[in-house]
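One structure below.
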């Protein structure tokens, strides 16, 4: 039976430098002859204060892995601890609330609500943690201003460029000061220059001593922003490197 | 997240308007058709509505409703007067007679014959003339709508409403108009004419028993239903409190006419069509926004939060649709209130209409909620 009251304090612990700890993670979709093994025994730690990139071919399990790390998907076997908490053992509502406070998301398709302005979109994570409307909007506007979008606060997503939209999505991921930020293909729809700008923002505003950033990407042009790069293939971690140059030569 | 829910709802203008229109349509049909039904039903006891002064109606025991008239002997009046608890009792004639107009046309009338001495049973409001003028020779008082519609006088330059002093011929008897009154619209569209009880008996075809009703006032503190039962026990006549006689009359029409079925069908159709339109559109709206609900779920929205968002959206459109529908129905009733349009909008009907629209909203929300609650937050990473 899952427990609702076993979450550890969210405050940074000097001794605790591991943000996410994955041990023997497997994930199987379906069953029997239709079973698809998305992850086959992943062992991986993400340290606080680092930007880790997950790279690899399509279908290798990158997105499944960050979904498990962020607590939006339960693994089939193994253990994944997020700041010491095994989210698969926590009751649904408690897990959702913990995830809301602890994790910031940048989705591949951004998922900005088209009926809301940039500021309103960014305010959502704060509203979900109980901040009142005016305060949430004020904080959201501050965050957008730090992103250089002070003149686009009340623009709707349809009125913003691709780079601006990506920055709004990043602002939404950062506004409530989460301790883990997961970004799924943040530059997939951007040109090189904009992609570099976006990663600079993620790097400068997202990475902090008590916070980790995990980026899933195919884009070799942004590898140099990573502290470490985990190369995945067929549901496994093939290797982990700190040198992007090594990967450029990999076929 | 309430503000976010409403902004999402109103941000999709086309769907928002469609949902509102569906619910407005449902609310309008439910309120209007039921209002007309109630209006028509209320007209079946309009005479009783105009005679609030009477506590008890006494009649032949075989009478089934207000217009089901059998005469009693005049002597019954004295028997009723003698029952303990009766403050006063007066005769009241109600029947149909035919009038011949000046140009030779015939028009059926509802004739009310009221007590000669006290004039109890007269119209609730005089518009022109005086009720006491009924004591003048051949005097009648005509309801204003009848006077200006079916009893118009045809002259060389066109029709004109009846005037004081005009003469009608009622069952070969001369009748002089001495006043006009306002009455609650009756079930039939025939003009209503007031005269004294003795004149009504004189104008009507002669029968052995000509007293249709006795109006009774109970003494202070006497229970109306108990007194009615006592009158029935002592005289053998039918006796009902005004409220019971209204119920008896409405019950007769409900059982013996297709009126409830016809209006019930319209109101039910409105409910079903409104549910279908609003339900389909609201469900599509939810489907369109499913990825945003999944996003909220990933970002920390519990099922409870999403449930509240959807319920708020459903009840917001429900409230707006109900307000518009009931408002339009009320407006139609208000604009047409002076004519023959039968429409009655008691607060209970508004409440029932609101409950019906709420039921639609709950159903509509339930389908969407089911979809959202089952949503896996993980789908947000699937693009």
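Residue numbers (the working numbering), protein chains in the order written: chain A, 46 to 296; chain B, 30 to 412. Note that beta-carbon positions come from the ideal geometry of N, C-alpha and C, so glycine has one too.
Just confirm the distance between the C-beta atoms of residue i and residue j, as a whole number of angstroms; I'd bet it's less than 8 Å.
i: residue 304 of chain B; j: residue 55 of chain B; result: 7 Å
i: residue 315 of chain B; j: residue 49 of chain B; result: Contact flag wrong, Cβ pair sits at about 16 Å.
i: residue 150 of chain A; j: residue 328 of chain B; result: 6 Å
i: residue 67 of chain B; j: residue 378 of chain B; result: 6 Å
i: residue 247 of chain A; j: residue 231 of chain A; result: 7 Å
i: residue 219 of chain A; j: residue 250 of chain A; result: 6 Å
i: residue 385 of chain B; j: residue 300 of chain B; result: 6 Å
i: residue 34 of chain B; j: residue 309 of chain B; result: Not really, about 20 Å apart at Cβ, beyond 8 Å.
i: residue 233 of chain A; j: residue 120 of chain A; result: Not quite, the Cβ-Cβ distance comes to about 25 Å (not below 8 Å), so this is no contact.
i: residue 274 of chain B; j: residue 121 of chain B; result: No, residue 274 of chain B and residue 121 of chain B are not in contact; Cβ-Cβ is about 12 Å, not under 8 Å.
Kindly identify the DSSP beta-bridge partner or partners of residue i.
i: residue 123 of chain B; result: B:141
i: residue 122 of chain A; result: A:71
i: residue 82 of chain A; result: A:73
i: residue 130 of chain A; result: A:127
i: residue 110 of chain A; result: Residue 110 of chain A pairs with nothing; no bridge assigned.
i: residue 66 of chain A; result: A:90 and A:126
i: residue 270 of chain B; result: B:85
i: residue 258 of chain A; result: A:96 and A:226
i: residue 278 of chain A; result: A:281
i: residue 246 of chain B; result: B:117
i: residue 155 of chain B; result: B:210
i: residue 278 of chain B; result: According to DSSP, which records beta bridges pairwise, residue 278 of chain B is partnered with nothing at all.
i: residue 286 of chain A; result: A:274
Taking DSSP as the reference, what is the three-state secondary structure of residue i?
i: residue 253 of chain A; result: strand
i: residue 238 of chain B; result: coil
i: residue 166 of chain B; result: coil
i: residue 90 of chain A; result: strand
i: residue 154 of chain A; result: coil
i: residue 390 of chain B; result: helix
i: residue 65 of chain B; result: helix
i: residue 82 of chain B; result: coil
i: residue 77 of chain B; result: helix
i: residue 233 of chain B; result: coil
i: residue 225 of chain B; result: strand
i: residue 39 of chain B; result: helix
i: residue 373 of chain B; result: coil
i: residue 200 of chain B; result: coil
i: residue 366 of chain B; result: coil
i: residue 91 of chain B; result: coil
i: residue 286 of chain B; result: coil
i: residue 291 of chain B; result: helix
i: residue 217 of chain A; result: helix
i: residue 101 of chain B; result: strand
i: residue 216 of chain B; result: coil
i: residue 191 of chain A; result: helix
i: residue 189 of chain B; result: strand
i: residue 146 of chain B; result: coil
i: residue 401 of chain B; result: helix
i: residue 8 of chain A; result: Any question about residue 8 of chain A goes unanswered here, given that chain A covers just 46 to 296.
Does the distance from the CB of residue i to the CB of residue j come in under 7 Å?
i: residue 181 of chain A; j: residue 171 of chain A; result: yes
i: residue 128 of chain B; j: residue 199 of chain B; result: yes
i: residue 163 of chain B; j: residue 180 of chain B; result: no
i: residue 185 of chain A; j: residue 168 of chain A; result: yes
i: residue 109 of chain B; j: residue 259 of chain B; result: no
i: residue 211 of chain A; j: residue 197 of chain A; result: no
i: residue 93 of chain B; j: residue 281 of chain B; result: yes
i: residue 307 of chain B; j: residue 389 of chain B; result: yes
i: residue 124 of chain B; j: residue 233 of chain B; result: yes
i: residue 98 of chain B; j: residue 119 of chain B; result: no
i: residue 37 of chain B; j: residue 45 of chain B; result: no
i: residue 75 of chain B; j: residue 215 of chain B; result: yes
i: residue 139 of chain B; j: residue 224 of chain B; result: no
i: residue 90 of chain A; j: residue 117 of chain A; result: no
i: residue 338 of chain B; j: residue 77 of chain B; result: no
i: residue 332 of chain A; j: residue 235 of chain A; result: Residue 332 of chain A falls outside the range modelled here, since chain A spans only 46 to 296, and no answer is possible.
i: residue 275 of chain A; j: residue 267 of chain A; result: no
i: residue 206 of chain B; j: residue 251 of chain B; result: no
- Does the segment 152–162 of chain B come within contact of the segment 204–223 of chain B, defined as at least 3 CB pairs closer than 8 Å? yes
- Query: Per the contact definition of three or more C-beta pairs closer than 8 Å, is the segment 78–95 of chain B in contact with the segment 264–277 of chain B?
  - Reply: Inter-segment contact for the segment 264–277 of chain B and the segment 78–95 of chain B is present: three or more beta-carbon pairs are separated by less than 8 Å.
- Message: Contact between the segment 257–274 of chain A and the segment 96–103 of chain A is defined here as three or more beta-carbon pairs at a separation below 8 Å; is this criterion met?
- Response: yes
- Please determine if the segment 273–291 of chain A and the segment 349–365 of chain B are in contact, where contact requires at least 3 C-beta pairs separated by less than 8 Å. The segment 273–291 of chain A, when compared against the segment 349–365 of chain B, does not touch it at the 8 Å Cβ threshold.
- Query: Is it a yes or a no for the segment 253–260 of chain A touching the segment 172–179 of chain A, going by three-plus beta-carbon pairs under 8 Å?
  - Reply: no
- Query: Is the segment 392–402 of chain B touching the segment 130–139 of chain A, taking contact as three or more C-beta pairs under 8 Å?
  - Reply: no
- Item | Cβ pair count under 8 Å reaching 3, the segment 103–110 of chain A against the segment 67–85 of chain A | yes
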